[in-house]
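Asks: A single structure is presented below for examination.
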Amino acid sequence: MGQTDIATLSNILSVEKEDIKRHKPDAESIVAELYVKLRPALLNYVYHLVHSNSDAEDLIQLAFLHLFESLERGNVIENPRAWLYRVAHNFSIDGIRRVSKRESLLQDWLKERETLIQESSEEELIRRDQIDKLLQILNEKERFCLMLRSEGLSYHEIADILEINPSAVSVYLARGLKKFRSKNV
Amino acid sequence: MSKKNHYQSTVPDHLEDETIIAYLDGELSDEEKARAGQHLEKCWSCRGNLKLIQDSVDNFMNQRQEILLPPALPPSEPALKIFQERLQNYKSQTRTASVFSFSRLKSKVNFSNFWKTFSSFNFFNAPASLKFGVGALAVFVIVALILNQSVVPTVSAAELLKNADEAGKNSLSAVSQPVVHQKLQVRRSKNNSPVESVNWETWDDTSRNNFRQAVETDGARRLIIDRFESSVKVPFIFENERPQVLTELAQILQFNRMNPNDPLAAASFKNWRDSLAEKNETVSKADSQDGTESYQLNVKPAGEIGSNQISAADYIVRASDWTPLKLRLEIKTNDETINFEITRQTSEVIAFNQLSPEIFPPTEMAKLPNATTSPKESSSLAPSPETELAVKTNSNSAAVVKTENATNRVPASAELEVEVLNLLSQVRADMGEQIEVKRTPDGFLVISGIIETAGRKTEILNALDSVADNASVKIEIYTIAEAVAKRKQESKTKDSPVTNVESVEVENLSLAAEPQLREYFGQSGNSDEKIRSYAASRVAQSRQAMQHLGALKKIANQFKPEELKTLKPEAREKWLALIRSHARAFAEQNSALRRELKPVFFAGAGEGGGRGASVSSNAELINAIRQLYETGAANDSVILSAFAASGNGGVSAIGAAQFWQALKNAEAMARSIQGVR
Chain P
4 MGQTDIATLS NILSVEKEDI KRHKPDAESI VAELYVKLRP ALLNYVYHLV HSNSDAEDLI
64 QLAFLHLFES LERGNVIENP RAWLYRVAHN FSIDGIRRVS KRESLLQDWL KERETLIQES
124 SEEELIRRDQ IDKLLQILNE KERFCLMLRS EGLSYHEIAD ILEINPSAVS VYLARGLKKF
184 RSKNV
Chain L
119 MSKKNHYQST VPDHLEDETI IAYLDGELSD EEKARAGQHL EKCWSCRGNL KLIQDSVDNF
179 MNQRQEILLP PALPPSEPAL KIFQERLQNY KSQTRTASVF SFSRLKSKVN FSNFWKTFSS
239 FNFFNAPASL KFGVGALAVF VIVALILNQS VVPTVSAAEL LKNADEAGKN SLSAVSQPVV
299 HQKLQVRRSK NNSPVESVNW ETWDDTSRNN FRQAVETDGA RRLIIDRFES SVKVPFIFEN
359 ERPQVLTELA QILQFNRMNP NDPLAAASFK NWRDSLAEKN ETVSKADSQD GTESYQLNVK
419 PAGEIGSNQI SAADYIVRAS DWTPLKLRLE IKTNDETINF EITRQTSEVI AFNQLSPEIF
479 PPTEMAKLPN ATTSPKESSS LAPSPETELA VKTNSNSAAV VKTENATNRV PASAELEVEV
539 LNLLSQVRAD MGEQIEVKRT PDGFLVISGI IETAGRKTEI LNALDSVADN ASVKIEIYTI
599 AEAVAKRKQE SKTKDSPVTN VESVEVENLS LAAEPQLREY FGQSGNSDEK IRSYAASRVA
659 QSRQAMQHLG ALKKIANQFK PEELKTLKPE AREKWLALIR SHARAFAEQN SALRRELKPV
719 FFAGAGEGGG RGASVSSNAE LINAIRQLYE TGAANDSVIL SAFAASGNGG VSAIGAAQFW
779 QALKNAEAMA RSIQGVR
């Protein structure tokens, strides 16, 4: 990991310090380890935004590549979990503009992913319709706050990802839940 | 505030829902938690509310499990394998290493053991031969390190630009709704004239396609605006008052295919470099002013250089992170040599909602009369002081032009504009025909267009009947004959839009896709006819699909972002209904096209994997439509290149896997837009 020393590395990955001590201080192995640990939760979150397994997989892998790049540069990332959620969230929200970036990174990877589950376009459409109907009663912030909270992120982490005031998180959560209640969902 | 009940005790105010949820989540401070806990002990109402909220959480989690989560998580092992391969691929594309990289040495040498050994060694008691050997080694290392600074670089020009471009895009991706804020110093020298310098500040709102710039004059920052904006509350100057240095720089950059808004962007430099037929270029290492290592790419066009063309350019990026630092341009004109140097002073990417509102305020556009307004524009769009009677006719002899006395007219509302779009869509006048709905600077709607036949013109005018008498609307629709008669010096030709499959004829069988078509249709007697019919049908399908995209794009671009925000709900729903309608129509056309193409070109291809789009905001929706249009247009080009006549067949991308993916992507994007609410 270039010039990064152990102390900074421990700070970067303070949540998984024990894992770091077992491995060499190498960005690649750290990122791969984090990928295995955090991928399911990130997939769950990103899926509700992009409604497609393959798209969600693409986006979170991009987020991890981004993490690798940042670690290689020696950037200090105090909470890599929240950091990854933030980047994956931004990638998902800015999905259209990311297509060209993804194309350039994925030019060798345009082939069909045989090893990943392929949903038919019809299944994806049905699912998308269900998700839209469920979430359409919420505004954007309420939806994101509920989804991120359901992934176990703290209010401060959610505020950091969505670039809002931490005190607003509880307000959005309360309102979102109330809307769910009132619609008898 | 406490309330006293008749038992002379006080009950604090009930807890807000957000306090209860924060209490349940353990997010209250110790003091707040204690206070909330004490209240809950005494208050049945809040305890009931707490249970209600907890039940809501449980309900949400159930719904999340059933609907919001992916139906089945893809297996992790194959995904990890793919990710590791991508990581290796990414590293090989972006990493370079100096032969004498310290980090590489460190990875091979265990320095803690080395230091222990070295520190116990007494150099001065060592044999002479060892002293000489160590001395020679030291000299060698020193020389090598010096040479390393100017050794032939391990990056090529293309790699440098690619890395710099990637670095720029990476910095955008970490911020939602990013705005690139830069402070640049622009210096210009001409022949022997003194150097002129300007401090230039820019804000590039990439998500809304907005740009703002400012200059520092007399120690104060002044925004540069091109028209009067009453919402701008800070010092400003007009576009035609900005320093000549910047005006000239913008002209030079545009002339040479660089980006006048972001001259340091790698994509801008690449665009110019790619436009050169021949060039000489070198990459060397240098030290920046701040002492950091940098790469300098020098490009000189070979051959004859015209006036105002760049004769030499230096593009300098920081070696550690590929950040562009400086651009130097040499331009030769007929009379002189001009040198520009643009230096980055600061650069940051900030979220739009973190930006000071004075930079991109909501605008109330009112154009001041100035020298840039063309007389033609003034006379054709400004309301006439005289009243002209409305004459609606079905004949070819008169165009329909309706104006009223300027004092009776009020600006058209956005709702009226949406209604006009709706009326045109009902007679499919928003597809293919040259009908435009524009707003004049003073807010009136002008519906203008040229129609092929009188009958079609009548149909459109009848559709607009409900708004024809509206004082805010001006209708200028002519037939071709009327337009030609009106504009004596101009001839107007118009391609007929394809309205049905049968109208497209493919005469020449030298098609780029002929080999595949021959293989599919065989060599039977009537295969030529089948191929001809197949090709014509595909072209027609693609054109019909493109017509819907054209209409979609027009509707999407009809309003500015700030106007969309203020649309009334009914008008917005109508606007969205128009968008959904064309998106659905395109998706169906695209799906039909794919069904027909598949057995011939993509027999074994999968159906899944089309990339949709997020359309949860106006900006996302507009971006999605723009992206869909670009993808659709590219796909249409492939169809035309495959099935339109070409003398010797040519090469077509119609059978490429990327094209199949692009078709699926377009359909998925259209379905996403179709689902907008």
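Here the protein sequences line up with chains P and L, keeping their order.
Numbering-wise (my numbering), the first sequence opens with residue 4 and increments by one.
Numbering-wise (my numbering), the second sequence opens with residue 119 and increments by one.
All residues carry an ideal CB built from backbone N, CA and C; glycine is no exception.
Give a yes or no on whether 8 Å exceeds the smallest Cβ distance from TYR208/L to chain P.
Replies: As a working note, residue 208/L is residue 90 in the second sequence. Yes - at least one Cβ of chain P is within 8 Å of the one on TYR208/L.
Asks: Taking just the CA atoms, how far does LEU52/P sit from LEU87/P?
Replies: For this step, residue 87/P is matched to residue 84 along the first sequence. For this step, residue 52/P is matched to residue 49 along the first sequence. Taking the straight line from one Cα to the other gives about 15 Å.
Asks: Does the contact criterion of 3 or more C-beta pairs under 8 Å hold for the segment 290-306 of chain L versus the segment 463-474 of chain L?
Replies: The answer is yes - the segment 463-474 of chain L touches the segment 290-306 of chain L, with three or more Cβ pairs under 8 Å.
Asks: Any idea which residues DSSP pairs ASP405/L with across the strands?
Replies: Within the second sequence, residue 405/L is the residue found at index 287, counting from 1. Answer is GLU411/L.
Asks: Do GLY728/L and ALA689/L have their beta-carbon atoms positioned less than 8 Å apart in this structure?
Replies: Residue numbering aside, residue 689/L sits at position 571 when the second sequence is read from its first letter. Residue numbering aside, residue 728/L sits at position 610 when the second sequence is read from its first letter. No, they are not a contact pair.
Asks: Which residues mark the beginning and the end of the beta strand (DSSP E) in which SER584/L is found?
Replies: Residue 584/L sits at position 466 when you count from the first residue of the second sequence. Premise fails: SER584/L lies in the alpha helix (DSSP H), 583-586, not in any beta strand (DSSP E).
Asks: Against chain L, with Cβ distances strictly below 8 Å, would ASN82/P count as a contact?
Replies: By one-based count along the first sequence, residue 82/P stands at place 79. So no, ASN82/P is outside the interface.
Asks: List the endpoints of the continuous beta strand (DSSP E) containing ILE595/L.
Replies: Numbered from 1 along the second sequence, position 477 holds the residue referred to as residue 595/L. Taken as a continuous stretch (DSSP letters only), the beta strand (DSSP E) holding ILE595/L covers 591-597.
Asks: Looking only at DSSP bridge pairs, what is ARG340/L linked to?
Replies: Residue 340/L sits at position 222 when you count from the first residue of the second sequence. ARG340/L pairs with VAL333/L.
Asks: Please report the distance separating the alpha-carbon of PRO43/P from that of ALA752/L.
Replies: On the first sequence, residue 43/P is found 40 positions in, with the first residue counted as 1. On the second sequence, residue 752/L is found 634 positions in, with the first residue counted as 1. Approximately 36 Å between the Cα atoms of the pair.
Asks: Kindly indicate if chain P contains any beta-carbon less than 8 Å away from that of PHE239/L.
Replies: On the second sequence, position 121 is the one that residue 239/L refers to. Below a pLDDT of 50, predicted positions are generally treated as unreliable, and PHE239/L, at 48, falls in that range; the measurement from the model is reported next regardless. It does not; no Cβ of chain P falls within 8 Å.
Asks: Listed from N- to C-terminal order along the chain, which residues in the segment 424-438 of chain L have their beta-carbon within a distance smaller than 7 Å of any beta-carbon of chain P?
Replies: Listed by position along the chain: nothing, the set is empty.
Asks: Terminal residues of the continuous beta strand (DSSP E) containing ARG436/L?
Replies: In the second sequence, the residue the question calls residue 436/L occupies position 318. Element bounds for ARG436/L: 427-436.
Asks: Should ARG795/L be flagged as near chain P, meaning a C-beta pair shorter than 8 Å?
Replies: Walking along the second sequence from the start, residue 795/L turns up at place 677. It does: the Cβ of ARG795/L has a partner Cβ on chain P nearer than 8 Å.
Asks: Give me the Cα-Cα distance between ARG204/L and ALA285/L, rounded to the nearest whole angstrom.
Replies: As a position in the second sequence, residue 204/L is number 86, starting the count at 1. As a position in the second sequence, residue 285/L is number 167, starting the count at 1. About 18 Å.
Asks: Check the DSSP bridge columns for VAL564/L and list the partner residues they point to.
Replies: For the purposes of this step, residue 564/L is taken as the residue at position 446 of the second sequence. Its beta-bridge partners are LYS556/L, LYS592/L.
Asks: Provide the residue span of the alpha helix (DSSP H) that contains ALA742/L, from first to last.
Replies: Locating residue 742/L in the second sequence gives position 624, where the first residue counts as 1. That run of the alpha helix (DSSP H) goes 736-761.
Asks: Give the single residue among GLY155/P, ASP163/P, GLU166/P, PRO169/P whose Cα lies nearest to the Cα of VAL175/L.
Replies: Counting from one through the second sequence, the residue named residue 175/L turns up at place 57. When each option's Cα is compared against that of VAL175/L, the closest is GLY155/P.
Asks: Does the segment 142-150 of chain L touch the segment 181-191 of chain L, meaning 3 or more C-beta pairs lie closer than 8 Å?
Replies: Because the criterion of three Cβ pairs below 8 Å is not met, the segment 181-191 of chain L and the segment 142-150 of chain L do not touch.
Asks: Does PHE201/L come within less than 8 Å of chain P when only Cβ atoms are used?
Replies: For this step, residue 201/L is matched to residue 83 along the second sequence. Yes, PHE201/L counts as interfacial toward chain P.
Asks: Quick one: grab the DSSP three-state call for PRO353/L.
Replies: Residue 353/L sits at position 235 when you count from the first residue of the second sequence. PRO353/L: coil per DSSP, three-state reduction.
Asks: With a threshold of 16 other CB atoms inside 10 Å of the CB of HIS132/L, please say whether the residue is buried or exposed.
Replies: As a first step, residue 132/L must be located in the second sequence, where it is residue number 14. So HIS132/L ends up on the exposed side.
Asks: Please list the partners that GLU143/P has in chain L, where partner means a Cβ-to-Cβ separation under 9 Å.
Replies: Taking the first sequence and counting its residues from 1, one reaches residue 143/P at position 140. Chain L residues near GLU143/P: SER734, SER735.
Asks: Just curious, the beta strand (DSSP E) that ASN317/L is in, first and last residue?
Replies: Locating residue 317/L in the second sequence gives position 199, counting from the first residue. Unbroken beta strand (DSSP E) run through ASN317/L: 314-323.
Asks: From SER386/L, ASP173/L, VAL316/L, THR400/L, pick the residue whose C-alpha is nearest to that of VAL273/L; which is it?
Replies: Taking the first residue of the second sequence as position 1, residue 273/L is located at position 155. The residue with the shortest Cα to Cα distance from VAL273/L is THR400/L.
Asks: DSSP three-state label for SER311/L, please.
Replies: Locating residue 311/L in the second sequence gives position 193, where the first residue counts as 1. Of the three classes helix, strand and coil, the one that applies to SER311/L here is coil, per DSSP.
Asks: Pick helix, strand or coil for PRO296/L, following the three-state DSSP scheme.
Replies: Indexing the second sequence from 1 puts residue 296/L at position 178. Note: PRO296/L maps to strand in three-state DSSP.
Asks: Using the Cα positions of GLU422/L and ILE740/L, report the straight-line distance between them to the nearest angstrom.
Replies: In the second sequence, the residue the question calls residue 422/L occupies position 304. In the second sequence, the residue the question calls residue 740/L occupies position 622. Roughly 43 Å separates the two Cα atoms.
Asks: Mind pulling the chain P residues with CB within less than 9 Å of ASN588/L?
Replies: Counting from one through the second sequence, the residue named residue 588/L turns up at place 470. Per Cβ cutoff of 9 Å: no residues; ASN588/L is ~34 Å from chain P at best.
Asks: Taking the C-alpha atoms as reference points, what is the distance between ARG650/L and PHE761/L?
Replies: Position 532 of the second sequence, counting from 1, holds the residue named residue 650/L. Position 643 of the second sequence, counting from 1, holds the residue named residue 761/L. Computed Cα separation, rounded: 9 Å.
Asks: DSSP three-state call for PHE67/P: helix, strand or coil?
Replies: Looking up residue 67/P in the first sequence gives position 64. Three-state result, PHE67/P: helix.
Asks: Is any beta-carbon of chain P found at less than 8 Å from that of SER230/L?
Replies: Taking the second sequence and counting its residues from 1, one reaches residue 230/L at position 112. Only weak support is given to the placement of SER230/L: the predicted model assigns it a pLDDT of 42, under 50, and the question is left unresolved by the model.
Asks: Measure the Cβ-Cβ separation of LEU382/L and ILE468/L and say whether it is below 8 Å.
Replies: Along the second sequence, one-based indexing puts residue 382/L at 264. Along the second sequence, one-based indexing puts residue 468/L at 350. Not a contact, by the Cβ cut-off of 8 Å.
Asks: Suppose the cutoff is 8 Å on Cβ atoms and the five residues either side in sequence are ignored; what does the same chain contact list for SER291/L look like?
Replies: For this step, residue 291/L is matched to residue 173 along the second sequence. Nothing meets the Cβ criterion.
Asks: Is the beta carbon of ILE342/L less than 8 Å from the beta carbon of ARG326/L?
Replies: Start at 1 with the first residue of the second sequence, and residue 342/L comes out as number 224. Start at 1 with the first residue of the second sequence, and residue 326/L comes out as number 208. Cβ atoms of ILE342/L and ARG326/L: not closer than 8 Å.
Asks: Is there at least one non-hydrogen atom of the ligand MN closer than 7 Å to the beta-carbon of ARG340/L?
Replies: The ligand MN is not among the ligands present in this structure, which contains no ligands whatsoever.
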